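A.B. asks: Here it is, the structure, as structure tokens.
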Amino acid sequence: MPELPEVETVRTGLQQALVGRRFEKVVARRPDLRFPIPADLSERLEGRTVLEARRRAKYLQIVLDDADPSPTVVVLHLGMSGRVNLLPPGDEPFPEPAKHDHLVFDLSDGGRMTYNDPRRFGFLDLMREDELASHDWFRDMGPEPLGNDFHADALNKALAGKATPIKSALLDQRVVAGLGNIYVCEALYDSGISPRRKASTVPGKRAERLVPAIRDVLQRAIASGGSTLRDYARLDGESGYFQHEFRVYDREGEACRHDGCGGTIQRIVQSGRSTFFCSGCQR
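Heads up: the sequence shown runs through residues 1 to 283, numbered per the working numbering.
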């Protein structure tokens, strides 16, 4: 599943490709993805200009120029295999949409954006700007890990009294928004914290190490265009490259890269997800 750096990479591409352009024609080629596609999608989007492309956790938010009573926001989640593709303007007609191109957006500059999703675990909905904060998807979300509201004090408060392992706690979107399995493994490794450690024991000096480790791993992943392990690709079709920088994820049986450790990367399963760590230097 695309995680925060992958979704942020897509957001950056959408910001560059869509802002200031109108949706001239919008076609839903099936009635549903994971959830039903709004029946009035074309009616509400066609003729509207894009003002901004944002991200909240792993959700993309495309803000339009209507404002009655507040702007329409296209909310898109990529699910397991969703991919946004951008076709630039050209002299030749566009080819027929591919089998899994479920949504097609023709743009005022002559370009085309498609949403392709073989597994159809992604979803799209339309909301008003003033409805977002109270919607079930966003109401209880924690702070953005790259935002100013995420700091050691906030993490201390969120983890206080939690008996779950810290790995599971960090995947809880109420603690911090948008973190996924790969980058939690990497951040715990970089901060020297065992994924099995009880979350309530992390506040204090461990949290002071963990917060910058989370920020650093996400920033490095975004700079590399995210990680491509299966389906994810950027808007230009290129893969992300951060998987080549993994220090612990998917490296079971390999030597720990921390100087002087001498340990070996192990894999365990927590809450149905693979966890990779080094018991020699993560305590």
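In this text, a Cβ means the ideal position worked out from N, Cα and C, and glycines have one as well. Remember, predicted model here, so these are calculated numbers, not experimental data.
#1: Using the Cβ count rule (16 or more neighbours within 10 Å means buried), how would you classify Glu43?
#2: Could you check how far apart the C-beta atoms of Asp117 and His100 are, in whole angstroms? I think they sit under 8 Å.
#3: Does the separation of the CB atoms of Glu144 and Gly178 fall below 8 Å?
#4: Quick check on the burial criterion: 16 or more other C-beta atoms within 10 angstroms. Buried or exposed for Val269?
#5: Do the CB positions of Val53 and Arg119 come within less than 8 Å of each other?
#6: Taking only runs that begin and end inside the segment 11-46, name each unbroken beta strand (DSSP E) of 3 or more residues, in chain order.
#7: Using the Cα positions of Phe105 and Pro5, report the straight-line distance between them to the nearest angstrom.
#8: Closest to His77 by CA distance: which of Arg283, Ala67, Phe121, Glu92 is it?
#9: Going by Cα to Cα distance, which pick from Leu126, Ser108, Val84, Pro93 is closest to Gly47?
#10: Strictly by DSSP, which residues pair up with Thr72?
#11: Between Ile62, Leu124, Ile214, Leu171, which has its C-alpha nearest Val19's C-alpha?
#12: Output needed for His151: all residues of its chain with C-beta closer than 7 Å, excluding positions within five of it in sequence on either side, in chain order.
#13: If you draw a straight line from the C-alpha of Leu60 to the C-alpha of Leu33, how long is it?
#14: Ignoring anything shorter than 3 residues or poking outside the segment 132-181, list the beta strand (DSSP E) runs there in chain order.
#15: Please determine, among Ala67, Glu254, Glu245, Val175, the residue with the shortest C-alpha to C-alpha distance to Glu131.
#16: Taking 7 Å as the limit between beta carbons, can you name the residues of its chain near Tyr249, skipping five residues before and five after?
#17: Regarding Asp109 and the ligand FAD, is the C-beta to nearest heavy atom distance less than 7 Å?
C.D. replies: On the basis of the data shown:
#1: As a first step, residue 43 must be located in the sequence shown, where it is residue number 43. Exposed, since its Cβ has fewer than 16 Cβ neighbours within 10 Å.
#2: Working through the sequence shown from its first residue, we reach residue 117 at position 117. Working through the sequence shown from its first residue, we reach residue 100 at position 100. Going by Cβ atoms, the distance from Asp117 to His100 rounds to 6 Å, so yes, they are a contact pair.
#3: The sequence position of residue 144 within the sequence shown is 144, counting from 1. The sequence position of residue 178 within the sequence shown is 178, counting from 1. Yes, Cβ-Cβ distance for Glu144 and Gly178 is below 8 Å.
#4: To locate residue 269, count along the sequence shown from 1; it is residue 269. Val269 is exposed by the Cβ-count criterion.
#5: Reading the sequence shown from its first residue, position 53 is the one you call residue 53. Reading the sequence shown from its first residue, position 119 is the one you call residue 119. The question names Val, but residue 53 in the sequence shown is Ala. It is not a contact, given that the beta carbons lie outside the stated cut-off.
#6: 23-28
#7: What you label residue 105 is simply residue 105 of the sequence shown in a count that begins at 1. What you label residue 5 is simply residue 5 of the sequence shown in a count that begins at 1. The alpha-carbon atoms of Phe105 and Pro5 are separated by roughly 24 Å.
#8: On the sequence shown, position 77 is the one that residue 77 refers to. It is Phe121 whose Cα lies nearest to the Cα of His77.
#9: In the sequence shown, the residue the question calls residue 47 occupies position 47. Here the closest residue by C-alpha is Ser108.
#10: Within the sequence shown, numbered from 1, the residue matching residue 72 stands at position 72. Answer is Arg128.
#11: Along the sequence shown, one-based indexing puts residue 19 at 19. It is Ile62 whose Cα lies nearest to the Cα of Val19.
#12: The count along the sequence shown starts at 1 and reaches residue 151 at position 151. Around His151: Val211.
#13: Mapped onto the sequence shown, residue 60 falls at position 60. Mapped onto the sequence shown, residue 33 falls at position 33. About 16 Å.
#14: Correct list: empty.
#15: For the purposes of this step, residue 131 is taken as residue 131 along the sequence shown, with counting starting at 1. Minimum Cα distance to Glu131 is reached at Ala67.
#16: As a first step, residue 249 must be located in the sequence shown, where it is residue number 249. Ile182, Cys185, Glu186, Phe276.
#17: The model depicted lacks the ligand FAD and carries no ligand whatsoever.
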